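Peer 1:
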Amino acid sequence: MRRGFFVTFEGLDGSGKTTQLQLLRDTLTALGYPVTTTRQPGGTPLGDQIRSLLVSSTAENTLGPITPLAELSLMFADRAQSIADIIEPALERGHVLLCDRFTDSSEAYQGAGRQLGVQTVLNLHRTLCGNLQPDLTLLLLPPLATALRRARRRNHRHVDLDGPDENRFERESDAFYQRIHAGYLAIAARDPQRVVPIESSASIDDIKTRILDIVITRLAAHVTHP
Ligand code: TYD
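At the far end of the sequence shown sits residue 229, using our numbering, and the numbering has no gaps.
#1: Tell whether a beta-carbon distance below 8 Å holds between VAL99 and VAL38.
#2: Taking the beta carbon of LEU34 as the centre, do at least 16 other beta carbons fall within 10 Å, making it buried, or is it exposed?
#3: Relative to the C-alpha of VAL10, which candidate in ALA150, THR106, GLY114 has its C-alpha closest?
#4: Name, in chain order, the residues that DSSP records as bridge partners for THR41.
#5: Leaving out the 5 sequence neighbours to the left and right, which residues in its chain are closer than 6 Å to PHE12 when beta-carbon positions are compared?
#6: Is DSSP giving GLU175 helix, strand or coil here?
#7: Could you tell me if ILE207 is buried or exposed, where buried requires 16 or more neighbouring beta carbons within 10 angstroms of its beta carbon?
#8: Roughly how many whole angstroms lie between the Cα atoms of ARG171 and ASP88?
#9: Given the structure, does LEU144 come close to the ligand TYD, in the sense that its CB is under 7 Å from one of the ligand's heavy atoms?
#10: Can you find the residues in the same chain that come closer than 8 Å, C-beta to C-beta, to ILE210, ignoring five residues on each side of it along the sequence?
#11: Please indicate yes or no: does the CB of TYR112 lie closer than 7 Å to some heavy atom of the ligand TYD?
#12: Taking only heavy atoms of the ligand TYD into account, decide whether any of them is closer than 7 Å to the Cβ of ASP103.
#13: Taking the continuous beta strand (DSSP E) assigned at GLU13, which residues delimit it?
#14: Mind checking which residues open and close the beta strand (DSSP E) that includes THR140?
#15: Exposed or buried, which one is PRO44 when buried takes at least 16 other CB atoms within 10 Å?
#16: Taking the beta strand (DSSP E) that PRO200 falls in, what are its first and last residues?
#17: Taking buried to mean at least 16 other C-beta atoms within 10 Å of its own C-beta, is GLN113 buried or exposed?
#18: Let me check you understand the geometry: is the CB of SER55 closer than 7 Å to at least one non-hydrogen atom of the ligand TYD?
#19: For the candidate residues GLN122, LEU119, SER108, whose alpha-carbon lies nearest to that of ASP16?
#20: Assign THR30 to one of three DSSP states: helix, strand, or coil.
Structural data, given as structure tokens:
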């Protein structure tokens, strides 16, 4: 492969995207593809620090409330570092790069959820990320109620088991998540070539098979027409 293939996973908290990313990584690796995985926010030393500021429900106890624009700026600081340190080098080496969330998350969460507006996010993406676009985005869309139930159950589990405190977003209201859901649908409608919505409450295994079919087909086309 001349240039690598950039795949992003998107969806609400609790949509199952992280599980599916790991399953895809394992399958592609077993098939012999060179694969790099990362996530946003996080994945670089700077990104991991930014992540703990952004997703911990207790960071705000010491920092005070993080404004929506500060939140958006931190997401893009993380992303700029991730592109320079992880994404571009992996693509230059010809890897399949699997990224758990990318700019669509900022558009859905900050643009729609926090109501900062789509253009604000897209302008920042052009300026700070060179308008880098994934080759393929898998948008996991289980029914909203299912995703919310899973995310909230996970919160309780983390609290019970003394797991990582990553609850700041997951404490938000249902209205916030409804706006994000609508934001994701708008992205998919605007960019149907790149974004493949997977609207399913099917089993993990069925979704895994569907994702693999899509990725293998796109990869074959990419290798033939890079
Ligand atoms: P993530 O670790 O993917 O959470 P989950 O596994 O629960 O889906 O992302 C952490 C949180 O950060 C998540 O609630 C979404 C949020 N986020 C944004 O609000 N904007 C962004 O640009 C990104 C990348 C994430």
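Here a beta-carbon is modelled for each residue, glycine too, at the ideal position from N, C-alpha and C.
It should be emphasised that the depicted structure is a prediction, and the values quoted were computed from it without experimental measurement.
Peer 2: For this structure:
#1: In the sequence shown, residue 99 corresponds to position 96, counting from 1. In the sequence shown, residue 38 corresponds to position 35, counting from 1. Result yes, Cβ atoms of VAL99 and VAL38 sit closer than 8 Å.
#2: In the sequence shown, residue 34 corresponds to position 31, counting from 1. So LEU34 counts as exposed.
#3: For the purposes of this step, residue 10 is taken as the residue at position 7 of the sequence shown. Residue THR106 is the option with its Cα nearest to VAL10.
#4: If you number the sequence shown from 1, residue 41 lands on position 38. Beta-bridge pairing links THR41 to CYS102.
#5: Within the sequence shown, residue 12 is the residue found at index 9, counting from 1. Hits under 6 Å: LYS20, LEU24, ASP103, LEU141.
#6: The sequence position of residue 175 within the sequence shown is 172, counting from 1. It is coil, neither helix nor strand.
#7: In the sequence shown, counting from the first residue as 1, residue 207 sits at position 204. Under this definition ILE207 is an exposed residue.
#8: In the sequence shown, the residue the question calls residue 171 occupies position 168. In the sequence shown, the residue the question calls residue 88 occupies position 85. Rounded to whole angstroms, ARG171 to ASP88 spans 27 Å at the Cα level.
#9: One-based indexing of the sequence shown puts residue 144 at position 141. Not so, every heavy atom of the ligand TYD lies at least 7 Å from the Cβ.
#10: Numbered from 1 along the sequence shown, position 207 holds the residue referred to as residue 210. Taken in chain order, the residues that qualify are GLY19, GLN23, LEU143, ILE201, SER203.
#11: Numbered from 1 along the sequence shown, position 109 holds the residue referred to as residue 112. Within the cutoff, so yes.
#12: Taking the first residue of the sequence shown as position 1, residue 103 is located at position 100. Because some heavy atom of the ligand TYD lies under 7 Å away, the Cβ of ASP103 counts as near it: yes.
#13: By 1-based counting over the sequence shown, the position of residue 13 is 10. Looking at the DSSP string, the run of the beta strand (DSSP E) that includes GLU13 is 8-14.
#14: Within the sequence shown, residue 140 is the residue found at index 137, counting from 1. THR140 -> beta strand (DSSP E) spans 139-143.
#15: As a working note, residue 44 is residue 41 in the sequence shown. So PRO44 counts as buried.
#16: Residue mapping note: residue 200 aligns to position 197 of the sequence shown, counting from 1. Residue range 198-201 is occupied by the beta strand (DSSP E) that includes PRO200.
#17: Against the sequence shown, residue 113 aligns to sequence position 110. Answer is buried; the Cβ neighbour count reaches 16.
#18: In the sequence shown, residue 55 corresponds to position 52, counting from 1. Checking every heavy atom of the ligand TYD against the Cβ of SER55, none is found closer than 7 Å.
#19: Numbered from 1 along the sequence shown, position 13 holds the residue referred to as residue 16. It is SER108 whose Cα lies nearest to the Cα of ASP16.
#20: On the sequence shown, position 27 is the one that residue 30 refers to. Looking at THR30 - three-state DSSP - the assignment turns out to be helix.
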